[in-house]
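Working notes for the structure below.
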Amino acid sequence: MEVGILKRADGSAYVEIGDNKVIAAVYGPRELHPRHLQRPDRAVVNCRYNMAPFSVEERKRSGPDRRSIEISKVTRLALEPAIFTEYFPRTSIDIFIEILQADAGTRTTGITAASLALADAGIPMRDLVSACAVGKVAGRIVLDLTKVEDNFGEADMPIAIMPRDNRITLLQMDGTMTEEEFKEALKLGMEGCRKIYKEQRRALKEKYGQGD
Amino acid sequence: MAVGYSPGPGTFSDRGSVYSSVVGLAKREGEFARVVALEGKYIPQSGDLVIGVVKDSGFTSWLIDINSPYLGVLDVKDALDKFDPVLEDTSDYFRVGDTLLLKVKSVDSVRRVSLTIKEDGLGEINGGKLIKISPTKIPRLIGKKGSMIKMLKHVTGCDIIIAQNGVVWINGEERVMEILSNAIEKIEKEAHTSGLTDRIKEMLSKKLGGEYGDSRQETVEESSDRDTSSNK
Amino acid sequence: MGKVINLVKEELISDVRRDYILRLLENDKRIDGRRLDEGRDVEIEVGVIRKAEGSAKVKLGDTQVLVGVKLEIGEPFPDSPNRGVLTTSTELLPVASPVFEPGPPNEDAIELARVIDRGIRSSEAVDLESLCIIEGEKVWVLFIDIHVLDDDGNIMDASSIASIAALYDTKVPKTLVENGKVEILDEYEPLTVRKTPISVTIAKVGNKLVLDPNHEEELVMDSRITVTLSEENEVCSIQKGGSGTISERDVLESLEIARNRFKEVKEAISEVISRRGD
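Chains as they are written, first to last, in our numbering: chain A, 1 to 212; chain B, 1001 to 1232; chain C, 2001 to 2278.
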């Protein structure tokens, strides 16, 4: 994980988890146009998750598809609870996530990166958002699926939390699990997020840590 | 971050504890815990000195880009003593692209910003050079009790105006301005490190060389003594 | 910034109304008189659209959703040559709410369709292999089109119930394959539906969990969680929504609430299906 890797963006981060390579950039708070989209009491958060055509085995046509539109939305909802949007009425905070290389778990890697980019942009936050994915492969609950595991897995569950008080900001699941398996997965996922949290804090310290 | 303190700037409280809301340096000032942010946009506050660029002119006002998510409005009544909207045009006075030194007059609850130039020293700026730095680094550029800016002015002989919104105007000899810009960039980059005033002074003296060295040697040393003592 | 996709219109609720709803909830009461864990009545009608191979209209309180299932012959995906293709789309029609606008589906519509799709897909409710006509060449493509007619809250669950009911209602034309050519016959057999995935949505309003939120409750909710069950003890999809947060305990409690609601709704669906069979 590396913070502040782009010059023009207000905040940025690069995160590599497994074979995922993800860049996130944040602009803002900045003036929002057209004006009718402004909110008088808070900043509007926008988010775009985008996969590079070369990020997957078979070339992906560029531009948003249904999957990335949904991911953009859940990512935005995963990050928004952490941001003090009420500090910046009438502005927008724009988050861009670019998946350069995709393994499984791009959305969670994207959230982890975007949360670092928000911190790097100096945007006041309640906490960092840390994300990871849990899955079920051959009847066992495991952390961090790889692509192969994901394709043959029985369930995939991305999760994001604000680790300070363990509040969940993103939770999705796709596949089949019994209630017991689900409980186990939730526990394991939250633990995974806390590990990611440590890495995020380390990355922030690395950029700003020299000196004091 | 802290328990038993009140939340100051850059922090918030949650169930009795104070947490940092931005990446920065934690400080305790009396009963307050605060965090000096290392990054962030300029958010205008009433009384701030800002340097802005005219973005648009209306019938009785100008829109000013003040390097912030919020545009500033300079009303003619805060700029001119007399103005006749029928006979005159606001662009007769300031045009799009003009640079102004302004003061933030007020900021309302939805962060509408009104500006004024009706105070001594405010108004259009010409010549010299503008440098943008992160607004969070402005206090460092000024230094404790103005130590850094005093030293910069002294050593380079340039005019320097530091505006709260992260814009710095400098004016002087072309070659010296170049060296001064580099110094300001260095201050921005190393803002959170200690012993900075001394290092910058050393760098400037070296680069400016003989031409500025001899005649100013004495005063420079004097001021640097003050700087180090106020830093401790 | 031009690049922003699908900005969704937002509705305002007056502070007085919001406070009233929240005050009621403090005492475990809801504006429509329901208990916190009580869902609205479900009315299901199947076979409402004769031109569709399967259809269902669901009323969840005042929320109304119509789902049509159409079948077309198409090509299978290369990685599953012997399976039919399933596609789910949603239209949030302008008739359903003053904030819905005509045009291509926005992010809310897409999310809804994808959550329903995941529930059906991961529970393997539809036997896709039974939709294969010629392996690697011709299969049935099953289109589930969700039309939201009236949005009084929780269109997610109404859509989910309508989708599975429409699938139960779906009849697949028989085909005759001769020399690689497919002839569609005027005879039908019911689509093989193996499971009944039902989504159950719970809103978090303040610190209360509220089953099947109505429109006004949605306006004041912090977040929501949709749990899709395909059996009493089989979770097949989960989706957290809303811009707030939920705790681990909220999730586990929601699971409990969802299970009870699942039983109720499943019974209602079975009843409609068996009645139709008579």
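Think of the CB as a built atom: it goes at the ideal place given N, C-alpha and C, for glycine as much as any other residue.
Worksheet entry | Start-to-end residues for the alpha helix (DSSP H) that takes in Pro1139/B | Here residue 1139/B refers to the residue found at position 139 of the second sequence. Looking at the DSSP string, the run of the alpha helix (DSSP H) that includes Pro1139/B is Ile1138 to Ile1142.
Worksheet item: Since Asp1081/B sits in a beta bridge, which residues does DSSP pair it with?
Response: If you number the second sequence from 1, residue 1081/B lands on position 81. The secondary-structure analysis by DSSP pairs Asp1081/B with nothing; it has no beta-bridge partner.
Worksheet item: Can you list the beta strand (DSSP E) stretches of 3 or more residues lying completely in the region 2150 to 2201 of chain C, in chain order?
Response: 2171 to 2178 and 2181 to 2190
Worksheet item: Are the beta-carbon atoms belonging to Ala2165/C and Ala2052/C less than 9 Å from one another?
Response: Numbered from its first residue, the third sequence carries residue 2165/C at position 165. Numbered from its first residue, the third sequence carries residue 2052/C at position 52. Not a contact, by the Cβ cut-off of 9 Å.
Practice prompt. Determine which residues of the region 162 to 185 of chain A have a Cβ less than 9 Å from any Cβ of chain B, and write them out in chain order.
Written response: Arg164 and Asp165
Discussion item. Going by DSSP in three states, Asp1075/B sits in which element: helix, strand or coil?
Written reply: Residue mapping note: residue 1075/B aligns to position 75 of the second sequence, counting from 1. Asp1075/B falls in the strand class under three-state DSSP.
Worksheet entry | Nearest neighbour of Val2205/C, chosen from Ile2146/C, Ser2199/C, Glu2216/C and Asn2260/C [CA to CA] | Position 205 of the third sequence, counted from the first residue, corresponds to residue 2205/C. Here the closest residue by C-alpha is Glu2216/C.
Worksheet item: For Thr75/A versus Asp103/A, is the C-beta distance shorter than 9 Å?
Response: The residue you call residue 75/A lines up with position 75 of the first sequence. The residue you call residue 103/A lines up with position 103 of the first sequence. Contact: no.
Practice prompt. Mind checking which residues open and close the beta strand (DSSP E) that includes Phe96/A?
Written response: As a position in the first sequence, residue 96/A is number 96, starting the count at 1. Residues Thr91 to Gln101.
Worksheet entry | Cβ-based burial, Tyr49/A [other Cβ within 10 Å; buried from 16] | Working through the first sequence from its first residue, we reach residue 49/A at position 49. Counting Cβ neighbours within 10 Å, Tyr49/A comes out buried, since at least 16 surround it.
Worksheet entry | Interface residues of the region 1098 to 1125 of chain B facing chain A [CB-CB below 9 Å] | Ser1109, Val1110, Arg1111 and Arg1112
Worksheet entry | N-terminal and C-terminal residue of the alpha helix (DSSP H) that Gln200/A is part of | Here residue 200/A refers to the residue found at position 200 when the first sequence is read from its first residue. First-last of the alpha helix (DSSP H) with Gln200/A: Glu179 to Tyr208.
Worksheet item: So what's Gly1209/B in DSSP terms, helix, strand or just coil?
Response: Stepping through the second sequence from its first residue, residue 1209/B is reached at position 209. If DSSP states are grouped into helix, strand and coil, Gly1209/B belongs with the helices.
Worksheet item: Terminal residues of the continuous alpha helix (DSSP H) containing Thr112/A?
Response: As a first step, residue 112/A must be located in the first sequence, where it is residue number 112. Thr106 to Asp120 is the extent of the alpha helix (DSSP H) around Thr112/A.
Fill in: Of the residues Arg8/A, Asp150/A and Arg59/A, the one placed nearest Phe96/A, counting alpha carbons only
Numbered from its first residue, the first sequence carries residue 96/A at position 96. Nearest of Arg8/A, Asp150/A and Arg59/A to Phe96/A, Cα basis: Arg8/A.
Worksheet entry | Residues near Leu2281/C by beta carbon distance below 7 Å, same chain, minus five either side | Outside the displayed range of chain C (2001 to 2278) lies residue 2281/C, so it cannot be described from this structure.
Fill in: Beta-carbon spacing of Leu79/A, Ile111/A below 9 Å
Position 79 of the first sequence holds residue 79/A. Position 111 of the first sequence holds residue 111/A. Yes, they are a contact pair.
Discussion item. Output needed in chain order: residues of the region 1032 to 1056 of chain B with a Cβ under 9 Å from some Cβ in chain E.
Written reply: Within the model displayed, chain E is absent; protein chains A, B and C are what it includes.
Discussion item. For Val1036/B, which residues in the same chain have their Cβ closer than 7 Å to its Cβ, ignoring the five residues on either side in sequence?
Written reply: Position 36 of the second sequence holds residue 1036/B. Around Val1036/B: Gly1010, Gly1024, Leu1025 and Lys1027.
Item to complete: May I have the straight-line CA-CA distance separating Asp174/A from Phe1059/B, to the nearest angstrom?
Response: Locating residue 174/A in the first sequence gives position 174, counting from the first residue. Locating residue 1059/B in the second sequence gives position 59, counting from the first residue. C-alpha of Asp174/A to C-alpha of Phe1059/B: approximately 59 Å in a straight line.
Worksheet item: Are there 16 or more other CB atoms within 10 angstroms of the CB of Ala138/A, so buried, or fewer, so exposed?
Response: To locate residue 138/A, count along the first sequence from 1; it is residue 138. Looking at its Cβ environment, which holds fewer than 16 other Cβ atoms inside 10 Å, Ala138/A is exposed.
Item to complete: Indicate the three-state DSSP secondary structure (helix, strand or coil) for Glu1174/B in the structure shown.
Response: Stepping through the second sequence from its first residue, residue 1174/B is reached at position 174. Note: Glu1174/B maps to helix in three-state DSSP.
Item to complete: Determine which residues share a DSSP beta bridge with Asn50/A and list them.
Response: On the first sequence, residue 50/A is found 50 positions in, with the first residue counted as 1. The partner list for Asn50/A (beta bridge, DSSP) reads Glu98/A.
Practice prompt. Pull out every residue of the region 119 to 132 of chain A whose Cβ sits closer than 9 Å to any Cβ of chain B, in chain order.
Written response: Ala119, Asp120, Ala121, Gly122, Ile123, Pro124, Met125, Arg126 and Asp127
Worksheet item: Roughly how many angstroms lie between the CA atoms of Ile2031/C and Glu2011/C, to the nearest whole one?
Response: Translated into positions along the third sequence, residue 2031/C becomes position 31. Translated into positions along the third sequence, residue 2011/C becomes position 11. Answer to the nearest angstrom: the Cα atoms are 18 Å apart.
Worksheet entry | Contact check, Lys2240/C vs Leu170/A, beta carbons under 9 Å | Here residue 2240/C corresponds to residue number 240 of the third sequence, with the count starting at 1. Here residue 170/A corresponds to residue number 170 of the first sequence, with the count starting at 1. Going by C-beta atoms, Lys2240/C is nearer than 9 Å to Leu170/A.
Worksheet item: Apart from the five residues on each side of it in sequence, which residues of its chain come closer than 7 Å, Cβ to Cβ, to Phe2262/C?
Response: The sequence position of residue 2262/C within the third sequence is 262, counting from 1. Closer than 7 Å at the Cβ level, and outside the excluded window around Phe2262/C, lie Ile2198, Val2200, Leu2229 and Glu2232.
Worksheet entry | Bridge partner(s) assigned by DSSP for Phe950/B | Lying before the first or after the last residue shown, residue 950/B is absent from chain B, which here runs from 1001 to 1232.
Worksheet entry | Interface residues of chain A facing Ser1021/B [CB-CB closer than 8 Å] | The residue you call residue 1021/B lines up with position 21 of the second sequence. Here the neighbours are Phe84, Pro124, Met125 and Arg126.
Practice prompt. Go through its chain and collect everything with a Cβ distance to Ile196/A's Cβ below 6 Å, but skip five positions before and after it.
Written response: By 1-based counting over the first sequence, the position of residue 196/A is 196. Contacts found: Thr112, Ser130 and Cys132.
Worksheet item: Can you find a C-beta in chain C that's less than 9 Å from the C-beta of Leu77/A?
Response: As a first step, residue 77/A must be located in the first sequence, where it is residue number 77. Yes, contact with chain C.
Worksheet item: Going by the beta-carbon positions, is the gap between Asp65/A and Tyr1019/B smaller than 9 Å?
Response: For this step, residue 65/A is matched to residue 65 along the first sequence. For this step, residue 1019/B is matched to residue 19 along the second sequence. Not in contact: Asp65/A and Tyr1019/B (Cβ atoms no closer than 9 Å).
Discussion item. So, at 8 Å on beta carbons, what are the nonlocal neighbours of Lys2003/C in its own chain, with the 5 sequence-adjacent residues on each side left out?
Written reply: Here the question's residue 2003/C lines up with position 3 in the third sequence. In this predicted model, Lys2003/C has a pLDDT of only 39, less than 50, meaning its place in the structure is not dependable; the value taken from the coordinates is given anyway. Once the five neighbours on either side are set aside, Lys2003/C has no close Cβ partner at all.
Worksheet item: Can you tell me whether DSSP reads Arg35/A as helix, strand or coil?
Response: Reading the first sequence from its first residue, position 35 is the one you call residue 35/A. The answer is helix: DSSP assigns Arg35/A an H, G or I state.
Discussion item. So the candidates are Ala119/A, Thr109/A and Arg90/A; which of them puts its Cα closest to the Cα of Gly192/A?
Written reply: Start at 1 with the first residue of the first sequence, and residue 192/A comes out as number 192. Closest option to Gly192/A, Cα to Cα, is Thr109/A.
Worksheet item: For Ser1106/B, which residues of its own chain have a beta-carbon under 7 Å away from its beta-carbon, when the five flanking residues on both sides are left out?
Response: If you number the second sequence from 1, residue 1106/B lands on position 106. Contacts found: Ser1046 and Ser1114.
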